[in-house]
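Inspection log for the structure reproduced underneath, given as C-alpha cells.
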Amino acid sequence: MARNTFYGMARWQASLEKKQGFLGRIVDIGAELFAISAACVRAEAQRTADPVEGEQAYELAEAFCQQATLRVEALFDALWSNTDSIDVRLANDVLEGRYTWLEQGILDQSEGTGPWIASWEPGPSTEANLARRFLTVSPSSEAKL
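Each residue of the sequence shown is one higher than the last, beginning at 1 in full-length UniProt numbering.
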C-alpha cells in the first residue's frame with residue numbers, strides 16, 4: 001500500500017489531491033487491512049478465553065479474511081486500471097448540461113408534478129399479488145421419492 005501511495009505521489013505530485021478515486025481506493029485498502037487485523041486479534045482473544053469458541057472464531061475470521069483479501073486485491077488492481085479519467089470527463093459534461101435530454105420525462109418532486117412513491121392506506125391491497133411462490137416439498141411426499 002505504501003509503495004503504491006508513494007508511486008502515486010511521485011507520478012502526480014501536487015495533483016494527487018485531485019485524484020479522489022485513487023485516494024479513496026487507498027483508504028479502502030487501509031480499512032480492509034485494519035478489519036483483517038481486528039478480526040484476527042479478536043479470534044485469538046476468544047481462543048485464549050475459550051478454546052471451543054476460539055475455534056469457531058478462527059473459522060469466521062478465516063472466511064472474513066479470505067473475502068477481504070479478494071476485495072483488497074481488486075482495489076489494488078483498480079488503482080492503476082480504472083475509468084477515473086472518463087468518469088471525471090463525463091461528470092464535467094453532466095455539470096455543463098450536455099445530457100439534459102436524458103432528464104426528459106422524469107417527474108421532478110420539487111415541481112409538484114406528482115408523488116414518487118404511491119400512497120399507503122390500511123387494509124388489503126386493491127392490486128393483484130404478483131409475488132412468486134416457492135415450490136415446497138412436504139415431508140410426507142419427500143419420503144415417497
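All C-beta atoms in this analysis are idealised placements derived from N, C-alpha and C, irrespective of residue type, glycine included.
Just so it is clear, the structure is predicted and the values come from calculations on it, not from any experiment.
Please report the residue range of the alpha helix (DSSP H) in which residue i lies.
i: L85; result: According to the sequence provided, residue 85 is Ser. The question's Leu does not apply to it. Segment 84-95, the alpha helix (DSSP H) holding S85.
i: D28; result: 20-49
i: Y7; result: 2-12
Sorted by chain position, which residues of the same chain lie with C-beta nearer than 8 Å to residue i's C-beta, five sequence neighbours on each side aside?
i: E62; result: none
Spatial neighbours of residue i within its chain, please: CB distance less than 6 Å, with the 5 preceding and 5 following residues excluded, ordered by chain position.
i: N4; result: L79
Give every residue of the same chain whose Cβ lies closer than 7 Å to the Cβ of residue i, excluding the five residues on either side of it in the sequence, and list them in chain order.
i: residue 147; result: What is shown of the chain runs 1 to 145, which leaves residue 147 out entirely.
i: residue 146; result: Outside the displayed range of the chain (1 to 145) lies residue 146, so it cannot be described from this structure.
By DSSP, does residue i sit in helix, in strand, or in coil?
i: W120; result: coil
i: S15; result: helix
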